[in-house]
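Accompanying notes for the structure given below.
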Amino acid sequence: EPEVTQTPSHQVTQMGQEVILRCVPISNHLYFYWYRQILGQKVEFLVSFYNNEISEKSEIFDDQFSVERPDGSNFTLKIRSTKLEDSAMYFCASSDARSDNTEAFFGQGTRLTVV
Amino acid sequence: SQQGEEDPQALSIQEGENATMNCSYKTSINNLQWYRQNSGRGLVHLILIRSNEREKHSGRLRVTLDTSKKSSSLLITASRAADTASYFCATDISGGYQKVTFGTGTKLQVIP
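Protein chains in written order, with the working numbering: chain A, 1 to 115; chain B, 1001 to 1112.
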């Protein structure tokens, strides 16, 4: 069964460092998303991406964040200068909204710890 | 105000019993989805119900949607210990971009 894969599963970084979280969406999907979940809190939408550009982003997704689809398979989230409050689980998702079914498939997440 | 709020926040039942979780939301939606999250793991999509549907079944899951009350319920019948997880409702108001807004979740514990 196709699945969304994320790497690494856990990343520890020092405050102020740049991190890149990687995702491989399901191959025939066209819509890609990043969400985050701070420990003990709800899952929050960060950004959606379609046709090589951001289609929507939340207020959380400020200038520190960027997304990229550098090739035909990867979808990355970059945090330029990490802060302690960026520590969270980051989920990538993809969907094939060409069909009537807008179900999103989520990866297992990357746990980012900023120290 | 929260777009999706589940209740109860926590639910503990015996294996074999049914579990019912409710979700309320604030704005009009295109669809509502239920997800499961095992502790520290990813989100697993369970079921999607569109705004023009009232009830949907998938295996032991039954979801209802009442758009007039802006509420949904998830029923898990004949629960198993493996159903222990957090359950979230997520509403899609964006019309296709999957900007779903998650609720705060119900933590279900099924005691063997």
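Built from N, CA and C at the ideal position, the CB exists for glycine as well.
| Item | Value |
| --- | --- |
| For Ser94 of chain A, does the count of other Cβ atoms within 10 angstroms reach 16, so buried, or fall short, so exposed? | buried |
| Count the other CB atoms within 10 Å of the CB of Thr7 of chain A; is the residue buried (16 or more) or exposed (fewer)? | exposed |
| Counting contacts by CB-CB distance shorter than 8 Å, is Gly72 of chain A in contact with chain B? | no |
| Rounding to the nearest angstrom, what Cα-Cα distance links Val36 of chain A and Gln1014 of chain B in this structure? | Before going further, note that residue 36 of chain A is Arg rather than Val in the sequence given. Rounded to the nearest angstrom, the two C-alpha atoms are 32 Å apart. |
| Report the rounded CA-to-CA distance for Leu1075 of chain B versus Ser27 of chain A, giving the unit in angstroms. | 33 Å |
| Using CA atoms only, rank isn't needed, just tell me which of B:Gly1016, B:Ala1090 and B:Val1110 is closest to Leu1065 of chain B. | B:Ala1090 |
| Is it buried or exposed for Glu1055 of chain B, if we count other Cβ within 10 angstroms and need 16 for buried? | exposed |
| Just to confirm the assignment, what range does the beta strand (DSSP E) spanning Leu1043 of chain B have? | Leu1043 to Arg1050 |
| Given a limit of 7 Å on CB to CB distance, which residues of the segment 30 to 49 of chain A reach chain B? | Tyr31, Tyr33, Lys42, Val43, Phe45 and Ser48 |
| With 16 other CB atoms within 10 Å as the buried threshold, where does Asn1031 of chain B fall? | buried |
| Give the C-beta separation of Gly16 of chain A and Thr82 of chain A to the nearest angstrom, bearing in mind that I take them to be a contact with Cβ-Cβ under 8 Å. | 7 Å |
| Looking at the secondary structure, which residues open and close the beta strand (DSSP E) in which Gln11 of chain A lies? | His10 to Thr13 |
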